[in-house]
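Notes follow the structure.
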Amino acid sequence: MNQEKMPPHIEVGRQGEDIAARYITQRGWRIVARNFRAGRGEIDCIAWDGHVLVFAEVKTRRNARYGMPREAVTAYKQQMLRRTAQAYLLQHDCTDTVCRFDVIEVMMEADGAFRVTCWENAF
97 MNQEKMPPHI EVGRQGEDIA ARYITQRGWR IVARNFRAGR GEIDCIAWDG
147 HVLVFAEVKT RRNARYGMPR EAVTAYKQQM LRRTAQAYLL QHDCTDTVCR
197 FDVIEVMMEA DGAFRVTCWE NAF
């Protein structure tokens, strides 16, 4: 089977999402969905943090040349995330659930290490 190589930014994003998923799990959260799609929207990770359902947007960068990862979660992106989260809540019959939106920032260092920061209740 001939597999095409992913563009570098897609590969970095996928690595960042995997790193964020490990981070979330290590914090004791229970992941219930990754890359949930509804309409044109997508939520990178949905997880339970105790009794709170967290909709997490993961942003990954190799450096800060184009700004910090969290800065890429614009007002438009936030609106799309809210709509997608609403679709998830309706599909799973959990509209009375306490929810929050987090941004998980993954910075990849030159030596291959990474730094993860979780911005809880980011918006």
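Numbering (this note's numbering), first residue to last: 97 to 219. For every residue, glycine included, the Cβ atom is placed at its ideal position computed from N, Cα and C.
Residue i to residue j span [Cα, whole Å]
| i | j | result |
| --- | --- | --- |
| GLU153 | GLY109 | 11 Å |
| MET204 | ALA160 | 10 Å |
| ASP192 | LEU186 | 10 Å |
| MET176 | GLY208 | 32 Å |
| GLY124 | GLN111 | 20 Å |
| HIS105 | ILE120 | 22 Å |
| GLU216 | ARG130 | 18 Å |
| MET97 | VAL150 | Low confidence applies here, because MET97 scores a pLDDT of 48, under 50, leaving its location unreliable; read the following figure in that light. So the alpha carbons of these two residues sit roughly 38 Å apart. |
| PHE132 | ARG158 | 25 Å |
| ARG136 | ARG178 | 12 Å |
Integer-rounded CB distance, given that residue j should sit under 8 Å from residue i
| i | j | result |
| --- | --- | --- |
| ILE139 | ALA181 | 6 Å |
| VAL201 | LYS173 | The sequence as given places Glu at residue 201; Val does not occur at that position. Wrong, their Cβ atoms sit about 14 Å apart, outside the cutoff. |
| ALA290 | ALA134 | This structure leaves residue 290 out entirely; the chain is present only between 97 and 219. |
| CYS141 | ALA117 | 6 Å |
| VAL199 | ALA218 | 4 Å |
N-terminal and C-terminal residue of the alpha helix (DSSP H) that residue i is part of
| i | result |
| --- | --- |
| LYS173 | 171 to 187 |
| GLU107 | 104 to 122 |
Residue i: first and last residue of the uninterrupted beta strand (DSSP E) it sits in
| i | result |
| --- | --- |
| LYS101 | Here LYS101 belongs to no beta strand (DSSP E), and DSSP marks it neither H nor E. |
*Can you list the alpha helix (DSSP H) stretches of 4 or more residues lying completely in the region 192 to 218, in chain order?*
none
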